[in-house]
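The structure under discussion appears below in the form of structure tokens.
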Amino acid sequence: MSDFFSNGWSVFVAGATILGLLLCLVLLIIASRRKIMANDNTTGHIWDEDLRELNNPLPRWWMGLFVLTVVFAGIYLAMYPGLGSTEGSLKWTSTGQYEAEQAKARAALEGVYAKYAAMPAEALAKDPQAMGIGERLFANNCAGCHGSDARGSKGFPNLTDSDWLYGGAHDTIIETISKGRNGVMPPMAAAVGTPEDVRNVANYVLSLSGSPHNSIAAQLGKPKFGACAACHGPDGKGNQALGAPNLTDKVWLHGWGEDAVMAMINNGKNNVMPAHASRLSAEQIRVLAAYVWSLSQTTAVAAK
Amino acid sequence: MSSEASATTQPSQSGGDAAVEMVSLYQAQKKIYPRAVTGWFATWRWSLVWITQLLFYGLPWLNWNGRQAVLFDLGARRFYIFELVLYPQDFIFLTGILLISAYALFLFTAVAGRLWCGYACPQTVYTEIFMWVEQRFEGDRAARMRLDAGPWNAEKLARKGGKQLVWLSLGLWTGFTFVGYFTPIKLLGSEALALSFGPWEWFWVLFYGFATYGNAGYMREQVCKYMCPYARFQSAMFDKDTLIISYDAERGEPRGARGRKADPKQLGLGACIDCNLCVHVCPTGIDIRKGLQYECIGCAACVDVCNGVMDKMGYARGLVRYDTQNGLSQHLTRSQLLARMFRPRVLIYTAILFVISAALMASIALRTTFKVDVVRDRASLARQVEDGYVENVYRLQIMNATEQEQRFTLTASGLLGLRMQPAVDVVAVGPAEARWISVALRVPPEVAASEGAGAHPIQFEIRRLASPGTDAGSLMEKSTFVLPR
Numbered sequence: 001m002s003d004f005f006s007n008g009w010s011v012f013v014a015g016a017t018i019l020g021l022l023l024c025l026v027l028l029i030i031a032s033r034r035k036i037m038a039n040d041n042t043t044g045h046i047w048d049e050d051l052r053e054l055n056n057p058l059p060r061w062w063m064g065l066f067v068l069t070v071v072f073a074g075i076y077l078a079m080y081p082g083l084g085s086t087e088g089s090l091k092w093t094s095t096g097q098y099e100a101e102q103a104k105a106r107a108a109l110e111g112v113y114a115k116y117a118a119m120p121a122e123a124l125a126k127d128p129q130a131m132g133i134g135e136r137l138f139a140n141n142c143a144g145c146h147g148s149d150a151r152g153s154k155g156f157p158n159l160t161d162s163d164w165l166y167g168g169a170h171d172t173i174i175e176t177i178s179k180g181r182n183g184v185m186p187p188m189a190a191a192v193g194t195p196e197d198v199r200n201v202a203n204y205v206l207s208l209s210g211s212p213h214n215s216i217a218a219q220l221g222k223p224k225f226g227a228c229a230a231c232h233g234p235d236g237k238g239n240q241a242l243g244a245p246n247l248t249d250k251v252w253l254h255g256w257g258e259d260a261v262m263a264m265i266n267n268g269k270n271n272v273m274p275a276h277a278s279r280l281s282a283e284q285i286r287v288l289a290a291y292v293w294s295l296s297q298t299t300a301v302a303a304k
Numbered sequence: 001m002s003s004e005a006s007a008t009t010q011p012s013q014s015g016g017d018a019a020v021e022m023v024s025l026y027q028a029q030k031k032i033y034p035r036a037v038t039g040w041f042a043t044w045r046w047s048l049v050w051i052t053q054l055l056f057y058g059l060p061w062l063n064w065n066g067r068q069a070v071l072f073d074l075g076a077r078r079f080y081i082f083e084l085v086l087y088p089q090d091f092i093f094l095t096g097i098l099l100i101s102a103y104a105l106f107l108f109t110a111v112a113g114r115l116w117c118g119y120a121c122p123q124t125v126y127t128e129i130f131m132w133v134e135q136r137f138e139g140d141r142a143a144r145m146r147l148d149a150g151p152w153n154a155e156k157l158a159r160k161g162g163k164q165l166v167w168l169s170l171g172l173w174t175g176f177t178f179v180g181y182f183t184p185i186k187l188l189g190s191e192a193l194a195l196s197f198g199p200w201e202w203f204w205v206l207f208y209g210f211a212t213y214g215n216a217g218y219m220r221e222q223v224c225k226y227m228c229p230y231a232r233f234q235s236a237m238f239d240k241d242t243l244i245i246s247y248d249a250e251r252g253e254p255r256g257a258r259g260r261k262a263d264p265k266q267l268g269l270g271a272c273i274d275c276n277l278c279v280h281v282c283p284t285g286i287d288i289r290k291g292l293q294y295e296c297i298g299c300a301a302c303v304d305v306c307n308g309v310m311d312k313m314g315y316a317r318g319l320v321r322y323d324t325q326n327g328l329s330q331h332l333t334r335s336q337l338l339a340r341m342f343r344p345r346v347l348i349y350t351a352i353l354f355v356i357s358a359a360l361m362a363s364i365a366l367r368t369t370f371k372v373d374v375v376r377d378r379a380s381l382a383r384q385v386e387d388g389y390v391e392n393v394y395r396l397q398i399m400n401a402t403e404q405e406q407r408f409t410l411t412a413s414g415l416l417g418l419r420m421q422p423a424v425d426v427v428a429v430g431p432a433e434a435r436w437i438s439v440a441l442r443v444p445p446e447v448a449a450s451e452g453a454g455a456h457p458i459q460f461e462i463r464r465l466a467s468p469g470t471d472a473g474s475l476m477e478k479s480t481f482v483l484p485r
């Protein structure tokens, strides 16, 4: 977008700038040529009857410095975009500088990450420097949702247990971080049946993990679980290819208890993990994924 | 009165008889050729030149604990001063040092005028060194004036060239030393030999070197007269009992030349023989006989040189001396001057200076050698975990301000049943390092229900385990625990 609505403003700003510079110069020249009558070393100005101004002459080199600043301003305006919308001979822009600095930072990082490019997750997890980098990347990019201890929160998966929605292999984690994930649980109330059926199915689901439940309702809900089995499997163990959670463990991402499960069946949920490929380089993601992987390895956690 | 003499002094009292003339509001710089001076005060100034420069040039070469004793590592944000390891969080100490410097300046100025300017200011000290070099190459005042007026020949070229060479090397060495306070100086030295400085090192070595060369070689009194703010507000700290360099006009006037054997009383003259040496030695080019002027930096060169003249003439010393305005007008003796030194302003400055110094020393001596910052996770305020427990997550940054490894244990309190899950064992933090640790705290559901929703104050206690070289100690850090609705 252009900085100005019309070219006239640009000309106006440039004109005001140049005029200001010239005025400074002219003022200086006039002042330096001016001489005053002096017989008592005052400027001759008298206020309040007897208050006089002493003439403390400015050193001439100081005036030279002033001229230098005007010259500097001229050179600066020729090189940088300071006159309205002119470009300047250096073609400098803040965007250009930002990109140049980014390229420089990337080049500097390449050296740091080069040695990790071929390392498997196990080796990376044993490299304290790599884990230090991973920890900082995690704190800056992931901790906002997953918590700085990576144990997540309601709606945000815990990364330190061995329960994975899409699988916990190093490559899978890399894919999750790079491309993000979109976990969709459709509203299933219509498929399950009446509100009573929904309550029964919820109790059956709770029973799968041995969570507190009404066992009679669970028995009644069991036949209706067929609607869920397409994604969560007939035994409720989930499907990592679809990102369908395992319902037989005690991990309840969106809250535990009858009400929370019923809400999921009734309303469904669309849970999004944003893609990070545009924010982090592939090498950074590789190290970060190894850090996340290491969090789920109980031995690795204890060693830290 | 000529225009140049009156240029920077007070309006003459007898303005009527001066010729009316046209003067510019700008003034071409007149070069000042100060004459070399020896004497009691010059010796003091040279002692301070030696002390400050031995300190400045020598300090970066000292070692301590296998590192540079004084090093301000800006990149790592650690400041090492002998045993002290300071973090940016310790900048309060810098405030203390600045306050002490300011009050010391106020105190010394109130007592004896511009002692700082005359003896210890870098501008004075480096100018003194550069002028000494100048005298070795070009001779004293008269010789220098002759040399400057004379034509360029081989001798002039050699004298001027030699001076420039020494000046430039002094400047560069100063720039090098300055950078050595921020980069390990031995490393910098080997880089200097290979001329392989980084761009910033080049910049600062050259910049500081050039500043030294320009300020001490050329700008000299111009800095004091036109740039230094101290000259402008010194009058706020002076009073009539402040010791200043003063000319005893009563004793000196009327001035005039006379033979050594002549009796001034018979000639109707005062003690001043009008030799103008006090003007010749003045580094700012003023005439002290015109009274106190803001350009006077209080270096006492005129006192030294006048005392020498008085000795030669067989007169009493002290025609130009440290005295006060009251001392001059009321003919106070030394002991009376001394008694007047203990006036409220001086006593108050001294008391404040003493209190701040004591507070700074106490706070450095009593400071804990580790620091902790507690940061609550902001995005997820609280989470419910198995069995209805409520959990909050914190990040603790533990900073070790010693050069030994320190080991810590963490506990939290403030809510019933509050505990760390998983419990954090001993945390080790390396020498002069800072480490982040994630900590989760949880409370049982019944406590969450009885305490109610909202933020509850809690405390972390970070206890350092005693180890060789460090005592046990602990810090309390406040934070909050959030219970959701």
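Chains as they are written, first to last, in full-length UniProt numbering: chain E, 1 to 304; chain F, 1 to 485. Built from N, CA and C at the ideal position, the CB exists for glycine as well.
- Membership of V320(F) in the beta strand (DSSP E) is indicated by the continuous run V320 to D323.
- Within the same chain, and ignoring the five residues on either side of L206(E) in sequence, the residues whose Cβ sits closer than 6 Å to its Cβ are H213.
- A contact between stretches requires three or more CB pairs, one per stretch, nearer than 8 Å, and the region 45-64 of chain F meets this requirement with the region 119-136 of chain F.
- R407(F) is the residue among W44(F), R407(F) and A432(F) whose C-alpha sits nearest the C-alpha of V426(F).
- In this structure, R289(F) is the residue among A142(F), R289(F) and G75(F) with its C-alpha nearest to the C-alpha of R255(F).
- Contact note: L23(E) does not reach chain F at a C-beta cutoff of 9 Å; the least C-beta distance is about 19 Å.
- Contact check for V125(F) against Q234(F) fails: the beta carbons are separated by 8 Å or more.
- Here DSSP, grouped into helix, strand and coil, assigns V374(F) to strand.
- For L71(F), the secondary structure class from DSSP, reduced to helix, strand or coil, is strand.
- Of the candidates K240(F), F197(F), Y80(F) and R435(F), Y80(F) places its Cα closest to the Cα of N63(F).
- Within the same chain, and ignoring the five residues on either side of V184(E) in sequence, the residues whose Cβ sits closer than 7 Å to its Cβ are N270.
- For N153(F) and S24(F), the gap between their C-alpha atoms comes out near 35 Å.
- By the 16-neighbour rule on beta-carbons within 10 angstroms, R220(F) is buried.
- Contact between L441(F) and A412(F) holds: their C-beta atoms lie close to 5 Å from each other, under 8 Å.
- About 4 Å separates the beta carbon of G285(F) from that of I32(F), a gap short enough to meet the 8 Å contact definition.
- The closest CA to that of Q29(F), considering only D149(E), R286(E), G64(E) and F156(E), is found on G64(E).
- Here M476(F) is exposed. Its C-beta has fewer than 16 other C-beta atoms within 10 Å.
- About 7 Å separates the beta carbons of W293(E) and A125(E), which is inside the 8 Å limit, making them a contact pair.
- For the region 23-37 of chain F, the set of residues with a beta-carbon nearer than 7 Å to any beta-carbon of chain E comprises V23, S24, L25, Y26, Q27, A28 and Q29, in chain order.
- For R60(E), the chain F residues whose Cβ falls inside 7 Å of its Cβ are Y26, Q27, A28 and Q29, in order along the chain.
- Under the criterion of beta carbons closer than 8 Å, S209(E) and D249(E) qualify as touching, at roughly 6 Å.
- Measuring C-alpha to C-alpha distances from E138(F) to each of A36(F), I245(F), E461(F) and D377(F) identifies A36(F) as the nearest.
- By the 16-neighbour rule on beta-carbons within 10 angstroms, I46(E) is exposed.
- Checking the DSSP bridge columns, you'll see W204(F) has no partner listed.
- Bounds of any alpha helix (DSSP H) do not take in L410(F); it lies within the beta strand (DSSP E) bounded by Q406 to S413.
- Secondary structure at L90(E): coil, using DSSP grouped into helix, strand and coil.
- Looking at the DSSP output, Q53(F) shares a beta bridge with no other residue.
- Among the residues facing chain E, D373(F) is not included, as its CB has no counterpart in that chain under 8 Å away.
- In the DSSP assignment, I244(F) falls outside any alpha helix (DSSP H) and lies within the beta strand (DSSP E) extending over I244 to Y247.
- Of the candidates V70(E), A107(E) and T42(E), the residue whose Cα lies closest to the Cα of G20(E) is V70(E).
- The closest CA to that of N246(E), considering only L253(E), G236(E) and H254(E), is found on G236(E).
- According to the DSSP assignment, T480(F) belongs to the beta strand (DSSP E) that extends over G473 to L483.
- Of all residues in the region 380-406 of chain F, those with a C-beta nearer than 7 Å to a C-beta of chain E are S380, R383, Q384, E386, V393 and R395, reading in chain order.
- Under the DSSP assignment, E83(F) falls outside any alpha helix (DSSP H); it carries neither an H nor an E label.
- According to DSSP, residue pairing for T42(E) in a beta bridge involves L54(E).
- Under the DSSP definition of a beta bridge, A440(F) partners with V393(F).
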